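Heads up, the final residue of the sequence shown is numbered 533 in my numbering, and it's a clean run with no missing numbers.
Virtual Cβ for every residue (Gly too), placed ideally from N, Cα, C.
Nothing here was measured: the structure is a model prediction, and the numbers come from that model.
Written below as structure tokens is the structure these notes are about.
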Amino acid sequence: MKVKEKKWIRFRIMLVAGVFLCGFGAIIARAYQFQVIKREKLRAMARSGYTGIVSLLPERGTIYDRGGHELAVSTDVSSVYAHPRQIKNPRRTSQVLARVLRISRWHLNKKLKSDKAFVWVKRKVDPAKAEQIRKLKLSGIGITKEKGRYYPARELAAQLLGFVGIDNNGLEGIEARYDEMLTGPNYELIQMRDALGRPFFVRRTCSRRRTLHNLVLTIDKDIQYRAEKALEEAVHKSRARGGQCVVMDPRTGEILAMAVVPRFNPNIFSRYPRTRWRNRTVTDCFEPGSTIKAFLVAGALEDGVLYPNSRLYCEEGKYKVADRIIHDTHKYGTLTVTDIIAFSSNIGAIKIGQQLGYDRFYQYLKKFGFGGKTGIDLLGERTGFIRAPGQTKPVEQANAFFGQGISVTTLQLATAMACIANGGVLMRPYVVKKITDSHGRPVNVTNPKAVRRVVSSTTARKVTAILEKVVCDNGTGPRAAIRGYRVAGKTGTAQKVDEKTRRYSKTKYVAIFVGFVPAEKPRLVIATVID
């Protein structure tokens, strides 16, 4: 063999060896890239190809009344899901499911035709419907258990409790205010899928661990029930639009009942108009009418400008303030301060207000909590409105002395009257008595909180004695009297503004009563408003 040919053969061998060596090196480098550099990324991609993760609804803590009765609980509910890739006839399947579940066939058909491995058909399905679907044995359709929310007392305290949405997140009331505390651990369904995307193994796992908390409210279930029934009866009897009632312990500020009519069932909240969901005791403002006179006289007695037996001339039912004539419902001559409140003379109230002065009246209203938030642990509380001294005319000041031109909430009225009932100290109202862990051990306990002293205990006792006269036979509130008990309170009637004329209506009004019992050692403060 020639030397030249040998060199050529040697060159080709080396060339082939070099190519093989480069190829082998490339394979080694690529293997290193896949096995080391991109290991986690590729593992995640592979896992996503053969596993599917579906988030389930988290369990929520239980809400109890003060006596341990359940007001809101977590329950097992059935949710229907689909694996679109397994469904051979999406049109027929969607037709059958839509008929059973009463949902849009068009939207469901679109879901079942998607390229996704998993879709929810409907969550929180009625048990009977879930069983009906299970018996159909539809290909690609499954049912799993999740945690739903149930309110065993139905309409009871609905506006206070609120409700949760489809994802078990609090949307209204206590459920929304304490959503973070009530929400428990998050769980997921881990599904193993074959090459065609069909699940062959499912397991449940916890994706986010957090402590489940329960709430114990200050609400008394029996008092709440009686308040709602009495309020419903009053609204029906007077053919009113609605009403609100707050029952409070004046010693602590605990809310024992918070009723709103018309009611709704939070288990099926979507069937009701949104206006029914509101807790009107804190969100809706109205003119307090003559109930404000209780706090007017408290200020006058505290400042010493008048006494319960001080006599004022009530102008025989007609009194001119600036260019406006103000009338009383009855023609009164000279009345004592006690009688002015008992008979609810508007002109008498103006005379008391003029003795006190609007500046001091305004300051006392603010001290009693009007024109500001009470600090209750609820969402959506309104402040109401009081005109500042520098922004009022003489007529507006006169109107304010008998409750016109200012606005308050039902809770503000109850809280202010509780101040009179407990001896002159304004208490912060609250509805959550304590927060416990899943074993019932207290995590946080709410203690009564005194905001400030508004009037002396001596003044409070004098005002109480005056308010007792209101519920006597010749007062304006004899129907509030209870045999065997001493009752103190104040009635009020406020004209509503007509939306068309922008003037006070002669036919639309708000009827109010706020008082406490027993007068000598108050245990209950009750504020009732009929719209």
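Beta bridge counterpart(s) of isoleucine 257 as assigned by DSSP: For the purposes of this step, residue 257 is identified with residue 255 of the sequence shown, where counting begins at 1. In the DSSP secondary-structure assignment, isoleucine 257 is bridged to Met250.
Proline 310 vs isoleucine 468 beta-carbon contact at 7 Å: The residue labelled residue 310 in the question sits at position 308 within the sequence shown. The residue labelled residue 468 in the question sits at position 466 within the sequence shown. Between proline 310 and isoleucine 468, the C-beta gap is smaller than 7 Å, which places the two residues in contact.
Leucine 469 - containing alpha helix (DSSP H), residue span: For the purposes of this step, residue 469 is taken as residue 467 along the sequence shown, with counting starting at 1. The continuous alpha helix (DSSP H) containing leucine 469 extends over residues 459-472.
Three-state class that DSSP yields for tryptophan 108 in the structure shown: Translated into the one-based positions of the sequence shown, residue 108 becomes position 106. In the structure shown, tryptophan 108 sits in a helix (DSSP, three-state: H, G or I).
Minimum C-alpha distance to lysine 451 - residue among Ile225, Glu157, Val323, Gly377: Against the sequence shown, residue 451 aligns to sequence position 449. Of all alpha-carbon atoms in Ile225, Glu157, Val323, Gly377, the one lying nearest the alpha-carbon of lysine 451 is that of Gly377.
For threonine 461 and glycine 426, the rounded distance between their alpha carbons: Here residue 426 is taken as the residue at index 424 of the sequence shown, counted from 1. Here residue 461 is taken as the residue at index 459 of the sequence shown, counted from 1. Each residue's Cα considered, the two are about 8 Å apart.
Reduced DSSP category for histidine 238 - H, G, I as helix; E, B as strand; rest coil: Taking the sequence shown and counting its residues from 1, one reaches residue 238 at position 236. Reduced to three states, the DSSP call for histidine 238 is helix.
Candidates Gly186, Arg136, Pro129, Glu317, of which the one nearest proline 2 by Cα: Outside the displayed range of the chain (3 to 533) lies residue 2, so it cannot be described from this structure.
At least 3 beta-carbon pairs within less than 8 Å: the segment 80-100 vs the segment 136-152: They touch, by the three-pair rule.
Nearest candidate by alpha-carbon position, reference glycine 359, set Met16, Asp330, Ala402, Pro480: Here residue 359 corresponds to residue number 357 of the sequence shown, with the count starting at 1. Out of Met16, Asp330, Ala402, Pro480, the CA that lies nearest to the CA of glycine 359 is found in Ala402.
Closest by C-alpha distance to glycine 301, when choosing among Pro396, Ser409, Ala418, Ser440: Your numbering for residue 301 matches position 299 in the sequence shown. Ranking the options by Cα distance to glycine 301, first place goes to Ala418.
Per-residue burial, threonine 283 [other beta carbons within 10 Å of its own, 16 or more giving buried]: The residue labelled residue 283 in the question sits at position 281 within the sequence shown. So threonine 283 counts as buried.
Histidine 215 classed as buried or exposed, judged by whether at least 16 other C-beta atoms fall within 10 angstroms: Working through the sequence shown from its first residue, we reach residue 215 at position 213. Buried.
Sequence-distant residues of its chain with Cβ nearer than 8 Å to glycine 255 (five each side left out): For the purposes of this step, residue 255 is taken as residue 253 along the sequence shown, with counting starting at 1. The residues are Thr417, Ala420, Met429, Arg430, Pro431, Tyr432, Pro450, Lys451.
Coil, strand or helix - phenylalanine 515 by DSSP: Residue numbering aside, residue 515 sits at position 513 when the sequence shown is read from its first letter. Residue state, collapsed to three classes: strand.
Stretch-stretch touch, CB-based, cutoff 8 Å, three pairs: the segment 437-447 with the segment 214-230: The answer is yes - the segment 214-230 touches the segment 437-447, with three or more Cβ pairs under 8 Å.
Own chain, CB closer than 7 Å to alanine 551, minus 5 neighbours either side, in chain order: Residue coverage of the chain in this structure runs from 3 to 533, which leaves residue 551 outside it and unanswerable.
Isoleucine 294 (DSSP reduced to helix, strand or coil): Position 292 of the sequence shown, counted from the start, is the residue given in the question as residue 294. Of the three classes helix, strand and coil, the one that applies to isoleucine 294 here is helix, per DSSP.
7 Å Cβ cutoff, glutamine 226 in contact with chain D: The structure shown has no chain D; it contains just one protein chain.
Inter-stretch contact (C-beta, 8 Å, three-pair minimum) for the segment 352-371 and the segment 285-303: Inter-segment contact for the segment 352-371 and the segment 285-303 is present: three or more beta-carbon pairs are separated by less than 8 Å.
Counted within 10 angstroms of its Cβ, other Cβ atoms place glutamate 522 as buried (16 or more) or exposed: Here residue 522 refers to the residue found at position 520 of the sequence shown. When all chains shown are included, glutamate 522 counts as exposed.
Leucine 367, enclosing alpha helix (DSSP H) - first and last residue: Taking the first residue of the sequence shown as position 1, residue 367 is located at position 365. Per DSSP, the continuous alpha helix (DSSP H) segment holding leucine 367 begins and ends at 360-369.
Alpha-carbon to alpha-carbon, glycine 517 and leucine 219: For the purposes of this step, residue 219 is identified with residue 217 of the sequence shown, where counting begins at 1. For the purposes of this step, residue 517 is identified with residue 515 of the sequence shown, where counting begins at 1. For leucine 219 and glycine 517, the distance between alpha carbons rounds to 23 Å.
Opening and closing residue of the alpha helix (DSSP H) in which alanine 132 lies: On the sequence shown, position 130 is the one that residue 132 refers to. Its alpha helix (DSSP H) spans residues 129-138.
The segment 151-171 in contact with the segment 109-118 per 3-pair CB rule at 8 Å: Flag = no, the segment 151-171 and the segment 109-118 do not touch.
The alpha helix (DSSP H) enclosing valine 433, as first and last residue numbers: Locating residue 433 in the sequence shown gives position 431, where the first residue counts as 1. From DSSP, valine 433 is part of no alpha helix (DSSP H); its letter is neither H nor E.
Alpha-carbon spacing of glutamate 289 relative to alanine 513, whole angstroms: Looking up residue 289 in the sequence shown gives position 287. Looking up residue 513 in the sequence shown gives position 511. Counting only the Cα atoms, alanine 513 lies some 10 Å from glutamate 289.
Neighbourhood of lysine 464 by C-beta distance below 7 Å, restricted to the same chain and skipping five residues each side: Numbered from its first residue, the sequence shown carries residue 464 at position 462. Residues Leu303, Pro310 of the same chain have their beta carbon placed closer than 7 Å to that of lysine 464, with the five preceding and five following residues left out of the count.
Any non-hydrogen atom of the ligand ZN closer than 6 Å to glycine 172 Cβ: Because no ligand of any kind appears in the structure shown, any question about the ligand ZN cannot be addressed here.
Simplified DSSP assignment, three categories, for leucine 17: Numbered from 1 along the sequence shown, position 15 holds the residue referred to as residue 17. Of the three classes helix, strand and coil, the one that applies to leucine 17 here is helix, per DSSP.
Arginine 97, enclosing alpha helix (DSSP H) - first and last residue: For this step, residue 97 is matched to residue 95 along the sequence shown. The sequence shown places glutamine at residue 97, rather than the arginine named in the question. First-last of the alpha helix (DSSP H) with glutamine 97: 92-103.
Beta-carbon proximity of proline 520 to tyrosine 487, cut-off 7 Å: Locating residue 520 in the sequence shown gives position 518, where the first residue counts as 1. Locating residue 487 in the sequence shown gives position 485, where the first residue counts as 1. Cβ atoms of proline 520 and tyrosine 487: closer than 7 Å.
Cut-off 6 Å between Cβ atoms - residues of its own chain near threonine 338, not counting five sequence neighbours on either side: The residue labelled residue 338 in the question sits at position 336 within the sequence shown. Around threonine 338, the same chain offers Asn311, Arg313 as residues with beta carbons nearer than 6 Å, after the five sequence neighbours per side are excluded.
Chain-order list of residues whose beta-carbon lies under 6 Å from that of threonine 331 (same chain, five-residue window excluded): Position 329 of the sequence shown, counted from the start, is the residue given in the question as residue 331. No residues qualify anywhere along the chain.
Integer Cβ distance of leucine 258 from aspartate 305, believed to fall under 8 Å: Working through the sequence shown from its first residue, we reach residue 258 at position 256. Working through the sequence shown from its first residue, we reach residue 305 at position 303. Beta-carbon to beta-carbon, leucine 258 and aspartate 305 are separated by about 33 Å, too far to satisfy the 8 Å threshold.
Rounded separation between serine 272 and serine 106 - CA only: Walking along the sequence shown from the start, residue 272 turns up at place 270. Walking along the sequence shown from the start, residue 106 turns up at place 104. Distance between the alpha carbons of serine 272 and serine 106 is about 17 Å.
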